[in-house]
Amino acid sequence: MLCDPTVSVSEDDLTMEEYFIDKGIFVNYTDNNFDFDDYYNPIQASSYMDSMWLDPNTSKYLNIFIKKTDYYDDFNPFFSDPQLTETFERDYSNIDFSKAVMVNRSSAAMAEIFFWSSNTIQQYKRSYQKIDKVLGSLAGVFNLLFFSVF
Amino acid sequence: MENILKLFQIVLYEIDFFKTPFYFTLNHSRNKLSTRLGSFFSFMIIILLFYLFFSSDMVLKQNPAVVSQTKTVGNRPEFSFTNSNFSLNFQIFDKQFKSYEINPSLFKIYIHEILLYYDENQTIQEIVTEKNFSLCKNSMGQITYCMEDSFMLEG
Numbered sequence: 001m002l003c004d005p006t007v008s009v010s011e012d013d014l015t016m017e018e019y020f021i022d023k024g025i026f027v028n029y030t031d032n033n034f035d036f037d038d039y040y041n042p043i044q045a046s047s048y049m050d051s052m053w054l055d056p057n058t059s060k061y062l063n064i065f066i067k068k069t070d071y072y073d074d075f076n077p078f079f080s081d082p083q084l085t086e087t088f089e090r091d092y093s094n095i096d097f098s099k100a101v102m103v104n105r106s107s108a109a110m111a112e113i114f115f116w117s118s119n120t121i122q123q124y125k126r127s128y129q130k131i132d133k134v135l136g137s138l139a140g141v142f143n144l145l146f147f148s149v150f
Numbered sequence: 151m152e153n154i155l156k157l158f159q160i161v162l163y164e165i166d167f168f169k170t171p172f173y174f175t176l177n178h179s180r181n182k183l184s185t186r187l188g189s190f191f192s193f194m195i196i197i198l199l200f201y202l203f204f205s206s207d208m209v210l211k212q213n214p215a216v217v218s219q220t221k222t223v224g225n226r227p228e229f230s231f232t233n234s235n236f237s238l239n240f241q242i243f244d245k246q247f248k249s250y251e252i253n254p255s256l257f258k259i260y261i262h263e264i265l266l267y268y269d270e271n272q273t274i275q276e277i278v279t280e281k282n283f284s285l286c287k288n289s290m291g292q293i294t295y296c297m298e299d300s301f302m303l304e305g
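Order-wise, the sequence lines are chains A and B. Residue 41 in the numbering used here sits at position 41 of the first sequence, and the numbers go up by one each step. If you want the numbering used here, it's the position in the second sequence, counting the first as 1, plus 150.
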C-alpha cells in the first residue's frame, strides 16, 4: 500500500456542503503505454485519470492498483540478446463502497485514495527479425529462380 | 576503351549463374558458355535479392514479434516513485466535467506513505509518513494539487 491522499473537511460545514454538491474528484497519475511499432521509444509515459463522485456526508475509498512491467527488447540482428527494462503500468482501479461510512464532518476524510502494488507482473517481449532468417528467405528465393531457369 | 569492354565482358561472364559446362575450350581458356541473356537474368536476380534484403523487416525495423504474458506472484513488487518517473495530481469537477480550482480554505489533501510489516508477534504494523503535497500548475496550466516528495509502493 502506498499513499493515502485524504480530502478532509475544514471551516464551516454549510459552505463545504454547497461546494461539494454534485462534485467529484479527478486523480491524474502516470501510466506507461507501450507502442511496439515505435522502434526507439516503445515505452511512453502518459497520464491516466480515475474519478470518484464526492459526498460531504460519506467517506469513500478509491483503490488504484499499479503493476510491475518487465519489458524485454531484442533488436540485435545477429543473436538473441534481450534487454530488460523494469517499469510499471496501471492494472485496475475500483471504488470500495463497502467501506463507505458517514463522516464526522469535523475530522473525517471525505475520500481516501489508496495506491496498491498489484500481485500481477506484466511481461512484454519484443524481438525483431534476425539476419539468419533474412538470408534464409533470400536463399529460398534464389533457389526458386535458379532452378526454375534450368 | 578496349580494356573497359574486356572488363565488361568478364563481369558479364562471372555474373552469369547459368553457365553451361562444356568439354572444349573457348577463347581465354573458358570452359563454360556464358550468354548475354543469362547475364541479364543473373543481374536481375541480384537486383531482386538486394531489394528483398533492404526491404526486409530486419533492415526497416518494423513488424516486431511481440509476446505478452501476465504472471501472478506471491510477493508484490516494490516501486520507488519520484517526480521523475511518477506524477500525481488532483482536481475537482462537476456534473458537466468542468474542473474547479481547488479552494484550500474548504478542504485539504494529505498524502501518506503507509508501509506495512509484520512484527515479532506476527501482527501487522504500519509506518505512516506524511508527504508534501502542494498547489501547482499541471501541463495544461490548471492549478492542481501535486506531489512533491518521492515515495515507496509495496504490497
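Quick reminder that beta carbons are idealized off the backbone N, C-alpha and C, glycines included.
Three-state secondary structure (DSSP) at residue i?
i: residue 24 of chain A; result: strand
i: residue 208 of chain B; result: helix
i: residue 226 of chain B; result: coil
i: residue 97 of chain A; result: strand
i: residue 33 of chain A; result: strand
i: residue 151 of chain B; result: coil
i: residue 235 of chain B; result: coil
i: residue 80 of chain A; result: coil
i: residue 276 of chain B; result: strand
i: residue 3 of chain A; result: Interpretation of residue 3 of chain A is limited by its pLDDT of 43, a score under 50 that renders its predicted location unreliable; the figure taken from the coordinates is listed afterwards. The answer is strand: DSSP assigns residue 3 of chain A an E or B state.
i: residue 248 of chain B; result: coil
i: residue 55 of chain A; result: strand
i: residue 270 of chain B; result: coil
i: residue 157 of chain A; result: Nothing in the structure corresponds to residue 157 of chain A, since chain A is present only between 1 and 150.
i: residue 10 of chain A; result: The predicted model places residue 10 of chain A with a pLDDT of 49, which falls under 50 and marks its position as unreliable, so this point remains unresolved.
i: residue 127 of chain A; result: strand
i: residue 68 of chain A; result: strand
i: residue 255 of chain B; result: coil
i: residue 184 of chain B; result: coil
i: residue 193 of chain B; result: helix
i: residue 39 of chain A; result: coil
i: residue 221 of chain B; result: strand
i: residue 91 of chain A; result: strand
i: residue 50 of chain A; result: strand
i: residue 167 of chain A; result: Nothing about residue 167 of chain A can be reported from this structure: the residues present for chain A run from 1 to 150 only.
Indicate, with yes or no, if the ligand ZN has a heavy atom lying under 8 Å from the CB of residue i.
i: residue 61 of chain A; result: Among the components of this structure there are no ligands whatsoever, and the ligand ZN is therefore not found.
Using the Cα positions of residue i and residue j, report the straight-line distance between them to the nearest angstrom.
i: residue 307 of chain B; j: residue 159 of chain B; result: Here chain B has residues from 151 to 305 only, and residue 307 of chain B is not among them.
i: residue 186 of chain B; j: residue 167 of chain B; result: 11 Å
i: residue 258 of chain B; j: residue 109 of chain A; result: 10 Å
i: residue 267 of chain B; j: residue 127 of chain A; result: 40 Å
i: residue 140 of chain A; j: residue 163 of chain B; result: 24 Å
i: residue 146 of chain A; j: residue 184 of chain B; result: 15 Å
i: residue 112 of chain A; j: residue 60 of chain A; result: 6 Å
i: residue 15 of chain A; j: residue 56 of chain A; result: 11 Å
i: residue 114 of chain A; j: residue 52 of chain A; result: 13 Å
i: residue 116 of chain A; j: residue 243 of chain B; result: 24 Å
i: residue 68 of chain A; j: residue 88 of chain A; result: 4 Å
i: residue 84 of chain A; j: residue 72 of chain A; result: 5 Å
i: residue 70 of chain A; j: residue 170 of chain B; result: 57 Å
i: residue 28 of chain A; j: residue 90 of chain A; result: 12 Å
i: residue 157 of chain B; j: residue 189 of chain B; result: 14 Å
i: residue 58 of chain A; j: residue 274 of chain B; result: 27 Å
i: residue 97 of chain A; j: residue 23 of chain A; result: 17 Å
i: residue 155 of chain B; j: residue 182 of chain B; result: 20 Å
Report the CB separation of residue i from residue j in whole angstroms; it is logged as a contact under 8 Å.
i: residue 65 of chain A; j: residue 93 of chain A; result: 7 Å
i: residue 32 of chain A; j: residue 21 of chain A; result: Wrong, their Cβ atoms sit about 36 Å apart, outside the cutoff.
i: residue 78 of chain A; j: residue 131 of chain A; result: 6 Å
i: residue 62 of chain A; j: residue 50 of chain A; result: 6 Å
i: residue 240 of chain B; j: residue 25 of chain A; result: 6 Å
i: residue 234 of chain B; j: residue 30 of chain A; result: Not really, about 10 Å apart at Cβ, beyond 8 Å.
i: residue 280 of chain B; j: residue 260 of chain B; result: 6 Å
Would you say residue i faces chain C, with C-beta separation under 9 Å as the test?
i: residue 84 of chain A; result: Structure shown: chain C not included; protein chains present are A and B.
message: Output needed in chain order: residues of the segment 228-252 of chain B with a Cβ under 9 Å from some Cβ in chain A.
response: Taken in chain order, the members of the segment 228-252 of chain B whose beta-carbon sits within less than 9 Å of a beta-carbon on chain A are 228, 229, 231, 235, 236, 237, 238, 239, 240, 241, 242, 243, 244, 245, 247, 249 and 250.
task: Using a Cβ-Cβ cut-off of less than 9 Å, give me the residues of the segment 122-137 of chain A that come near chain B, in sequence order.
output: Within the segment 122-137 of chain A, the residues whose Cβ lies closer than 9 Å to some Cβ of chain B are 122, 123, 124, 125, 126, 127, 128, 129, 130, 131, 133, 134, 135 and 137, listed in chain order.
message: Any C-beta of chain B within less than 7 Å: which residues of the segment 16-36 of chain A qualify?
response: Flagged, chain order: 16, 19, 22, 23, 24, 25, 26, 27, 28, 29, 30 and 36.
- prompt: Does the count of Cβ pairs from the segment 209-224 of chain B and the segment 194-201 of chain B closer than 8 Å reach three?
  reply: As far as the Cβ criterion goes, the segment 209-224 of chain B does not touch the segment 194-201 of chain B, which means the pair count is below three.
message: Using a Cβ-Cβ cutoff of 9 Å, what residues of the segment 211-227 of chain B are near chain A? List them in chain order.
response: Here the close residues are 211, 212, 213, 214, 215, 216, 217, 218, 219, 220, 221, 222, 223, 224, 225, 226 and 227.
field: Any 3 or more C-beta pairs closer than 8 Å across the segment 220-228 of chain B and the segment 121-135 of chain A
entry: Verdict: yes, contact present.
query: Given a limit of 8 Å on CB to CB distance, which residues of the segment 189-202 of chain B reach chain A?
result: For the segment 189-202 of chain B, the beta-carbon criterion of a distance under 8 Å to any beta-carbon of chain A is satisfied by 191, 195, 198, 199 and 202.
field: Proximal residues, the segment 60-89 of chain A versus chain B, C-beta separation under 7 Å
entry: Flagged, chain order: 66, 68, 77 and 88.
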